[in-house]
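Enquirer: Residue numbers (my numbering), protein chains in the order written: chain A, 3 to 111; chain B, 45 to 157.
Structure incoming, see below.
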């Protein structure tokens, strides 16, 4: 089965609402990265988070190794937050990242 | 500061034709290097990684090959393209030693007709 599962697959919000994106994994974790994928395909790195909670502006990433999950919280969503969010699991000390299928976020004005 | 450059930005090629995609990292010596591929609407998956010049490990077989001719250069190639090779190719690097954040290039969009 899939080693990294993201949920929900898609999410539609009104501007100003909060979003909670989940990433669950079935293997051991070395670290977790979160990315925003631009419509053209390039990646913007949001967080490198082996464990615990990290903040960056309106974004918060929390990784709980024991529960094999990581989350990305977006507060006060804006239309410019629309796009695809990817999580990627590093379970082999950096040799390989396994990506989730992504969450497509749409924020309506 | 480290910079990562991929070329070309986009490519349209015929089935059966050869392909060469390139990736260069500046400002970092002896990085680990990676190639990733994403089919349209698909999941990003790692194809190759390299920890040193001349050494490349294959992760997924897609009738592609990779080479690392220089410390700062990673090449993805094939002699005969398939329709299934279409998609988005990303190069990434991480510091030597592994277990660290990976940094991605801008990518190359490949369309095989």
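Note that CB positions come from ideal geometry on N, CA and C, so glycine has one too.
#1: Kindly examine the ligand ZN and report whether one of its heavy atoms sits closer than 6 Å to the Cβ of residue 111/A.
#2: Taking only beta-carbon atoms, is residue 63/B less than 7 Å away from chain A?
#3: Only counting the same chain, and skipping five residues up and downstream in sequence, which positions put a Cβ closer than 7 Å to that of residue 95/B?
#4: What are the start and end residues of the beta strand (DSSP E) that includes residue 55/B?
#5: Mind checking who residue 124/A pairs with in its DSSP beta bridge?
#6: Could you tell me which chain B residues have their CB closer than 9 Å to the CB of residue 87/A, listed as they occur along the chain?
#7: Does the stretch 126 to 141 of chain B come close enough to the stretch 74 to 92 of chain B to have 3 or more Cβ pairs within less than 8 Å?
#8: Between which two residues does the beta strand (DSSP E) carrying residue 54/A extend?
#9: My guess is that residue 37/A and residue 45/A are in contact by the Cβ rule of under 8 Å, so how many angstroms apart are they, rounded?
#10: Against residue 90/B, what residues of chain A qualify as contacts under a CB-to-CB distance less than 7 Å, listed in chain order?
#11: Can you look up residue 127/B in the DSSP assignment and give me helix, strand or coil?
#12: Quick one: list the residues of chain B neighbouring residue 50/A, beta-carbon separation under 9 Å, in chain order.
Expert: Let me spell this out:
#1: With respect to the ligand ZN, the structure shown offers nothing to examine, as it has no ligands at all.
#2: no
#3: 76
#4: 54 to 57
#5: Outside the modelled stretch of chain A, which goes from 3 to 111, sits residue 124/A, for which no answer is possible.
#6: Near residue 87/A there are no residues of chain B at all, since even the closest Cβ is about 12 Å away, more than 9 Å.
#7: Put simply, the stretch 126 to 141 of chain B touches the stretch 74 to 92 of chain B. At least three CB pairs are less than 8 Å apart.
#8: Residue range 54 to 58 is occupied by the beta strand (DSSP E) that includes residue 54/A.
#9: 4 Å
#10: 98 and 99
#11: helix
#12: 144, 145 and 146
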